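**Student:** Take a look at this one; I'll ask things after.
Protein chains in written order, with the numbering used here: chain A, 130 to 547; chain B, 130 to 547.
What follows is the structure in structure tokens.
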């Protein structure tokens, strides 16, 4: 007798039903489920690694890049880290039921705004199997059902990791449907998932521009896009140049492949002659390729920068570099070319720092700190489900509270409106 | 020499430029501008009423309904109320610059989340010219530029009201472009406005389902839809039936044409025989037509209710009425048919009130109070720009803070990530 595979719509309907139970679960049950997931991951590591070997083999055969192979690969340490991530999220306070604010109205009505889960959160991701657990733990802790759709390159790993987590969660008292992995990794499943109006409350894509474009072309349910990070470091005329050097090197090279790495350096003309040669030497030592404008190239060797460089999110050891005549010119450059993620100023001038912060329109602004600090775990959110560069609902690192909404609860003694 | 009318895109570009100035304006300048708008409206009332007469005349000729004519009509009292609304919004605290939260990280970095304007807010509305001022005052107070697009039936009124406000605002120091009325009221202008990605940060439609459908078909910029209000009152077995009667009558009849009016009454079977005849008598006295299920019709005369009645947002003196066997059945009915706006329970049982509040998924839940209290001015927000029934960004009445986003500001002493 053939067992038919449930459709995406059926999976989402089951997730929606589960979400109604999850929304009312106490924190203790949710936390116990996350701890059970963590233990099960550790216990069943051999199964997970075996599945991962099959994905790696298929990846080698299909010629996946070294970078993708690295993101796909699991070992005991990485599985243990996934488990540890779930434990850390269990230890965070439960956002559900938090009274955000409230008041007593002049007529005596008591009003409170209470945090509630969104319902069903779908996460679409590429390559890295650890996202399965990060996303599931954040969603479940915040009382949401989670629907996962990984990439086909990680399908064996994701299937086993999701199965291990689902079984542990259900044994610990979470309802069936609370954690679902959509089997197919194709574009049809994506389109079906992205059009489950009334069942899916939010989709979060975690992946490259191709994934986002595919999603935005079809989605009718709400989506929060983690936009790209074309992050800037501006070295002001008053900057401590030693600090500036540390920050530029850190922002560019500490982990160049992530969205909060710096992609453009802007240097005030007054300090260009002093700073640029030092910066160029330190960056070249770390294999950074500079793409400079004409004024930069008067001081240091660099590839000639074009508009494409100002617009680029390199995610590599490349850095666009420009000289500006003022803080306002730096702001104008960032407003024109930036992606609204994170910008940093290095300055000793308090007025300059205030002006920089207030003139920009980015999710995060750093004063005398590396752009790399825009990060959920740095901010103490536990794992993050993404960094939002949009303005509605969530901006910056998204943790538990960004997976919630609120309800107004109004209590009276038979109050009517006059 | 012909002066060419600026395109919608040009108007939005100018609004975007203005928004950058507005974002940094101090509260005193913004408040002075709102007070200047209020004074100008009062001073120039004759011009406004003259323009309104032209719209009313055109409305009569084209056969506008009495209800629409009433919404369109201005008189001295209504203009004075618009001015008073602007003054009240001026008196509210400035949301911009509010530190929402913040912390010192273990590494010594100081992190704060600061409230910032969205940028450019577009409001699309029908008939009522007072929305021009409500929307403009809320947007400007929260540091946003506002782009207004009214309906063609109010074009003369809106043009003069917007002109009066714009001139007063600019004289008081707001930048050109801060307040813009899109001249044409056609679908092309709507489509152009709704696709200004990067210029318009949010569109809020204020109008009927036709407007929302037109917008959702074309919009690529973020939209917050004020969904319809199919609001329920559930009379529990333990209800104080006198209070229940007052609440049902108030929720249905105090202002039947608005989204927080009740559309369905659910009565627990234990009190149906006692409550329904009293409720029916009181409601009929106020010309309410009952649409009841079979069990209701065993107690009182009513039109037979169909699924269309359970789904309806009547906005009229009609009420769907059903008998349920339990609170859980009431919740199941509301979950199936409701629109997620506002539901009320009348009960003396604390456990029942808790269960009702926690089982529903609506923007507001009333305990022993009329559904009519879901309202920005009742909640003390000043005028509201709409009531959101979506879960992301804003839920319930939208005031000043719902027209803002936030920025993370991180300050260090040369901090880099290890």
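Using N, Cα and C, we set each Cβ at its ideal position, and we do this for glycine too. No experiment lies behind these values; they were computed from the predicted model shown.
Closer than 8 Å is the cut-off here; do at least three beta carbon pairs connect the region 312-324 of chain B with the region 361-376 of chain B?
**Tutor:** At 8 Å Cβ cutoff, the stretches do not touch.
**Student:** So with CB distances below 9 Å, who are the chain B contacts of residue 444(A)?
**Tutor:** Going along chain B, no residue has its Cβ under 9 Å from residue 444(A), so there is no contact; the nearest lies around 17 Å.
**Student:** Below 9 Å between beta carbons: does that hold for residue 488(B) and residue 206(A)?
**Tutor:** Cβ atoms of residue 488(B) and residue 206(A): not closer than 9 Å.
**Student:** Sorted by chain position, which residues of the same chain lie with C-beta nearer than 6 Å to residue 252(A)'s C-beta, five sequence neighbours on each side aside?
**Tutor:** These residues qualify, in order along the chain: 264, 277, 333.
**Student:** Taking all protein chains shown into account, decide if residue 479(B) is buried (16 or more other Cβ within 10 angstroms of its Cβ) or exposed.
**Tutor:** Exposed: under 16 other Cβ atoms inside 10 Å.
**Student:** What residue ranges within the region 355-424 of chain A form continuous beta strand (DSSP E) runs of no fewer than 3 residues, ordered along the chain?
**Tutor:** 360-364, 391-397, 418-421, all fully within the region 355-424 of chain A.
**Student:** Can you round the beta-carbon distance between residue 270(B) and residue 303(B) to whole angstroms, since I take them to be within the 8 Å contact cut?
**Tutor:** About 11 Å separates the two Cβ atoms, so there is no contact after all.
**Student:** To test your reading of the DSSP string, which unbroken beta strand (DSSP E) runs of 3 or more residues are found completely within the region 429-478 of chain A?
**Tutor:** Those beta strand (DSSP E) runs which fall completely within the region 429-478 of chain A and span 3+ residues are 447-453, 471-475.
**Student:** Within a Cβ cutoff of 8 Å, which residues of the same chain sit near residue 288(B), ignoring the five residues on either side of it in sequence?
**Tutor:** So the list reads 180, 310, 312, once near-sequence residues are dropped.
**Student:** Where DSSP assigns a beta bridge to residue 498(A), which residues make up the other side?
**Tutor:** Looking at the DSSP assignment, residue 498(A) forms a beta bridge with 544(B).
**Student:** Given that residue 224(B) touches chain A, what residues does it touch there, using C-beta distances under 8 Å?
**Tutor:** The premise fails here: residue 224(B) is roughly 13 Å from chain A at the closest Cβ pair, so nothing lies under 8 Å.
**Student:** With a threshold of 9 Å between beta-carbons, can residue 264(B) be considered close to chain A, or not?
**Tutor:** Residue 264(B) does not count as touching chain A.
**Student:** Within the continuous beta strand (DSSP E) that includes residue 245(B), where are the two ends?
**Tutor:** Here the beta strand (DSSP E) through residue 245(B) covers 239-246.
**Student:** Buried or exposed, going by whether 16 or more other CB atoms sit within 10 Å of the CB of residue 211(B)?
**Tutor:** Classification of residue 211(B): buried, given that the 10 Å Cβ count is 16 or more.
**Student:** What whole-angstrom Cβ distance do residue 374(A) and residue 434(A) have, given they're in contact under 8 Å?
**Tutor:** That pair is no contact at about 20 Å.
**Student:** Would you call the region 493-512 of chain A and the region 452-465 of chain B in contact, with 3 or more CB pairs under 8 Å?
**Tutor:** Verdict: no, contact absent.
**Student:** Whose C-beta lies closer than 7 Å to the C-beta of residue 536(B) among residues of the same chain, with five residues either side of it excluded?
**Tutor:** For residue 536(B), where only same-chain residues beyond five positions count, the Cβ hits under 7 Å are 243, 245.
**Student:** Over what stretch of residues does the beta strand (DSSP E) that includes residue 348(A) continue unbroken?
**Tutor:** First-last for residue 348(A): undefined, no H or E at that position.
**Student:** In whole angstroms, what separates the C-alpha of residue 432(B) from that of residue 406(B)?
**Tutor:** Answer to the nearest angstrom: the Cα atoms are 15 Å apart.
**Student:** Report the start-end ranges of each alpha helix (DSSP H) in the region 171-222 of chain B that is 4 residues or longer and not cut off at the edges.
**Tutor:** Listed in chain order, the complete alpha helix (DSSP H) runs (minimum 4 residues) inside the region 171-222 of chain B are 174-191, 195-201, 205-220.
**Student:** For residue 230(A), write down the residues that DSSP places opposite it in a beta bridge.
**Tutor:** In DSSP, residue 230(A) forms a bridge with 242(A).
**Student:** In the structure shown, what three-state DSSP assignment does residue 332(B) receive?
**Tutor:** Here residue 332(B) sits in strand by DSSP.
**Student:** Nearest CA to the CA of residue 293(B): which residue from 259(B), 282(B), 134(B), 319(B)?
**Tutor:** Minimum Cα distance to residue 293(B) is reached at 259(B).
**Student:** Measure the beta-carbon distance from residue 283(B) to residue 146(B) and round it to whole angstroms, keeping in mind my assumption that it falls under 8 Å.
**Tutor:** Rounded, the Cβ-Cβ distance is 28 Å, inconsistent with contact.
**Student:** Starting from the C-beta of residue 223(B), find all residues in its chain whose C-beta is less than 6 Å away, skip the five residues before and the five after it, and write them out in chain order.
**Tutor:** If we look at residue 223(B) and ignore the five residues flanking it on each side, its Cβ neighbours are 156.
**Student:** Looking at residue 448(B): is its Cβ nearer than 9 Å to the Cβ of residue 420(B)?
**Tutor:** Yes; because the gap between Cβ atoms is below 9 Å, this pair is in contact.
**Student:** Check the C-beta distance from residue 386(A) over to residue 444(A) and give it rounded, since I have them as a contact under 8 Å.
**Tutor:** Correct: roughly 5 Å between the Cβ atoms.
**Student:** What's the C-alpha gap between residue 176(A) and residue 203(A)?
**Tutor:** Cα-Cα distance, rounded: 11 Å.
**Student:** In terms of residues, what are the limits of the alpha helix (DSSP H) holding residue 261(B)?
**Tutor:** From DSSP, the alpha helix (DSSP H) with residue 261(B) extends over 259-270.
**Student:** Residue 278(B) lies in the beta strand (DSSP E); which residues open and close that run?
**Tutor:** Residue 278(B) -> beta strand (DSSP E) spans 274-278.
**Student:** Which class does residue 538(A) belong to by DSSP, given the choice of helix, strand or coil?
**Tutor:** Note: residue 538(A) maps to strand in three-state DSSP.
**Student:** At a Cβ cut of 9 Å, what residues of the region 354-372 of chain B count as close to chain A, listed as they run along the chain?
**Tutor:** For the region 354-372 of chain B, which is checked against every Cβ of chain A, the residues closer than 9 Å are 369, 371, 372.
**Student:** If residue 319(A) sits next to residue 343(A), beta carbons under 8 Å apart, how far is it from one beta carbon to the other, in whole angstroms?
**Tutor:** That belief holds up - the Cβ atoms of residue 319(A) and residue 343(A) are roughly 6 Å apart, short of 8 Å.
**Student:** Determine, for residue 466(A), whether the minimum Cβ-Cβ distance to residues of chain B falls below 9 Å.
**Tutor:** Not closer than 9 Å to any Cβ of chain B, the Cβ of residue 466(A) fails to qualify, so no.
**Student:** Which same chain residues end up closer than 7 Å to residue 484(B) when comparing Cβ atoms and leaving out the 5 residues on each side of it in sequence?
**Tutor:** 456.
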